[in-house]
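Visitor: If you number the sequence shown the way the numbering used here does, the last residue is 152 and the count never jumps. We put the beta carbon where it would ideally sit given N, CA and C, even for glycine. Bear in mind that the values here come from a model prediction, so they are computed numbers and not experimental data.
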Amino acid sequence: MRYRVVAVGKLKSAFYREACGHYLKRIAPLAACEMREVREGHGADAGATRLAEGAALLAKVEGLAVALDERGKAFDTHGLAHRVSALENRGVSQVTILVGGAEGHGPELRAAVAESWSLSPLTFPHDLARLVVIEQLYRIETLRAGHPYHRG
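1. Nearest to L68 by alpha carbon, out of A145, A52, H147 and R4?
2. Give me the Cβ distance between E208 and G101, rounded to the nearest whole Å; I'm assuming they're in contact under 8 Å.
3. Just the Cα atoms here: how many angstroms apart are G47 and G54?
4. In the DSSP assignment, what are the bridge partners of I97?
5. Is the beta carbon of A112 less than 7 Å from the beta carbon of L58?
6. DSSP state of A145, grouped into three classes?
7. Tell me where the beta strand (DSSP E) around R90 begins and ends.
8. Excluding the 5 residues flanking V61 on each side, which residues of the same chain have their C-beta closer than 6 Å to its C-beta?
9. So what does DSSP say about A32, is it helix, strand or coil?
10. Under the DSSP definition of a beta bridge, which residues are partnered with K73?
11. Count Cβ pairs between the stretch 121-141 and the stretch 9-25 that sit closer than 8 Å; are there 3 or more?
12. In whole angstroms, what is the alpha-carbon distance linking A52 and E103?
13. Does the distance from the CB of C20 to the CB of L137 come in under 7 Å?
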């Protein structure tokens with residue numbers, strides 16, 4: 001599987017840049033994974049901001065589009081590994097995971113994606129959400145490859 005994580009805004013903290021880079025390096029032998037960023041939207045209101053950010057996110061999609069959203073389907077690690085395997089069995093070779101900005105995803109983006117996944121019912125800062133999703137992609141790929149990284 002090839003992954004693309006597209007997020008609104010830049011990683012502001014060196015800690016998150018280094019941590020994301022760490023997992024991007026670790027996943028490289030198992031699966032292609034890249035991180036892309038789009039500019040934060042500056043609309044007249046929250047709806048306009050979500051619309052602008054959603055259009056920018058969707059423009060970066062390659063393959064199957066998945067939105068990270070609190071209303072999305074929640075998986076445990078094994079379940080996410082099975083979902084990715086099922087997508088591959090259907091012929092999907094690339095997944096783009098979209099991480100919204102401070103205003104979240106708008107209805108236009110949610111309607112345009114194939115799936116929505118939830119990392120947790122908790123709300124995470126966007127930098128942390130990006131790190132968590134990249135770490136989970138690494139974790140599920142080690143699980144799918146039969147490596148001992150996954151504990152649980």
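Guide: A quick look at the data gives this:
1. Looking up residue 68 in the sequence shown gives position 68. Selected option, being the one with the closest Cα: R4.
2. With the chain covering 1 to 152 only, the question about residue 208 has no answer from this structure.
3. Translated into the one-based positions of the sequence shown, residue 47 becomes position 47. Translated into the one-based positions of the sequence shown, residue 54 becomes position 54. Cα-Cα distance, rounded: 10 Å.
4. In the sequence shown, residue 97 corresponds to position 97, counting from 1. Per DSSP, V5 and V66.
5. Counting from 1 along the sequence shown, the entry for residue 112 is found at position 112. Counting from 1 along the sequence shown, the entry for residue 58 is found at position 58. Yes, Cβ-Cβ distance for A112 and L58 is below 7 Å.
6. Looking up residue 145 in the sequence shown gives position 145. Coil.
7. The sequence position of residue 90 within the sequence shown is 90, counting from 1. Run containing R90: none; DSSP gives neither H nor E here.
8. In the sequence shown, residue 61 corresponds to position 61, counting from 1. Closer than 6 Å at Cβ, skipping near neighbours: T96.
9. For this step, residue 32 is matched to residue 32 along the sequence shown. In the three-state DSSP reduction, A32 falls in the strand class (E or B).
10. Within the sequence shown, numbered from 1, the residue matching residue 73 stands at position 73. Note: K73 sits in a beta bridge opposite W117.
11. At 8 Å Cβ cutoff, the stretches touch.
12. Counted from its first residue, the sequence shown places residue 52 at position 52. Counted from its first residue, the sequence shown places residue 103 at position 103. Computed Cα separation, rounded: 11 Å.
13. If you number the sequence shown from 1, residue 20 lands on position 20. If you number the sequence shown from 1, residue 137 lands on position 137. Not closer than 7 Å, so no.
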